[in-house]
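Some notes on the structure that comes next.
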Amino acid sequence: MTITLEREHGLRQPTDEQFGLECPYCGVYAHMSPQSVPDVAALYKDRPKHIGLVYQCDACHAPIFLRFTVKNYAESSIELFQNFIELERPKERFPFSYLPKHTEVLFREALSCYSSNNFNAFASMCRRAANSSFSALGESGKLRAFDEVLAAQEIAEIDDNSFEPIKKVLFDSGEKEGLPTLNRAQAGVLLEVLKDMFYQCFVRRSRLKRAIKVRRFFVRESNDSLKSSA
Ligand SMILES: [Zn+2]
Numbered sequence: 066m067t068i069t070l071e072r073e074h075g076l077r078q079p080t081d082e083q084f085g086l087e088c089p090y091c092g093v094y095a096h097m098s099p100q101s102v103p104d105v106a107a108l109y110k111d112r113p114k115h116i117g118l119v120y121q122c123d124a125c126h127a128p129i130f131l132r133f134t135v136k137n138y139a140e141s142s143i144e145l146f147q148n149f150i151e152l153e154r155p156k157e158r159f160p161f162s163y164l165p166k167h168t169e170v171l172f173r174e175a176l177s178c179y180s181s182n183n184f185n186a187f188a189s190m191c192r193r194a195a196n197s198s199f200s201a202l203g204e205s206g207k208l209r210a211f212d213e214v215l216a217a218q219e220i221a222e223i224d225d226n227s228f229e230p231i232k233k234v235l236f237d238s239g240e241k242e243g244l245p246t247l248n249r250a251q252a253g254v255l256l257e258v259l260k261d262m263f264y265q266c267f268v269r270r271s272r273l274k275r276a277i278k279v280r281r282f283f284v285r286e287s288n289d290s291l292k293s294s295a
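Written out as structure tokens, the structure reads:
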């Protein structure tokens, strides 16, 4: 999407291109409409390198702040680079209450790093959260978690080379083992793999146990009421 600010007409963006984003407030992938646009005459006067635009989420009407870098101040219009920074990113969700308390604290911070685009801080926190979960899982916990991660690799059909940094972050926790540097795409894979690992090791188990307990309870209740009515 190429956005320009024209001296005469203000904001111009191609009308045939729908501009959508995942809204950090309502979580819906929604169409965004311009809500607040800078004064073009003032921009020509100060010529800032970055400018801010506020869009409105069509689903919940919340304001979404975006920062753009100026590509060029031309005679009659200001052209902006297509890449922009979302000042508030959507929060990553997870059923945190199923995790051991210490793991939950670390994983919440990991997700907050991810939402702020700090992907290597995110990787470091993932390692800490994973280590904390291995201790909570007990003796063979790390091995079990490793099997879950290999299963996730297979399901997602990720080749060994691309998957190596993800495994290093999660399982190479010796003092001499450094952390690989991750880019946005690798951090995204790490996020999904670790969520899946926690899901398999903690969430699934607790939910299933609780669901079966509830079923048994109702079977017992109905048996008791049959006996008493007999
Ligand atoms: Zn919204």
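According to this note's numbering, the stretch in the sequence shown is residues 66 to 295, in order. All C-beta atoms in this analysis are idealised placements derived from N, C-alpha and C, irrespective of residue type, glycine included.
- About 19 Å separates the Cβ atoms of residue 130 and residue 157, ruling out a contact at the 8 Å cut-off.
- Not one heavy atom of ligand 1 is found less than 7 Å from the C-beta of residue 119.
- Residues 72 of the same chain have their beta carbon placed closer than 8 Å to that of residue 106, with the five preceding and five following residues left out of the count.
- Here residue 70 is near residue 143, since their CB atoms are less than 8 Å apart.
- The DSSP assignment places complete beta strand (DSSP E) segments of no fewer than 3 residues inside the segment 103-184 at 115-122, 128-138, 142-151, in order along the chain.
- Put simply, the residues with a CB less than 6 Å from any heavy atom of ligand 1 are 88, 90, 91, 93, 95, 122, 124, 125, 127, in chain order.
- Linking residue 159 to residue 224 through their CA atoms gives a straight-line distance of about 26 Å.
- Taking a C-beta distance under 8 Å as the contact criterion, residue 122 and residue 139 do not qualify as a contact pair.
- CA-CA distance, residue 88 to residue 145, rounds to 22 Å.
- Distance from the Cα of residue 74 is smallest, within the candidate group 246, 104, 237, for 104.
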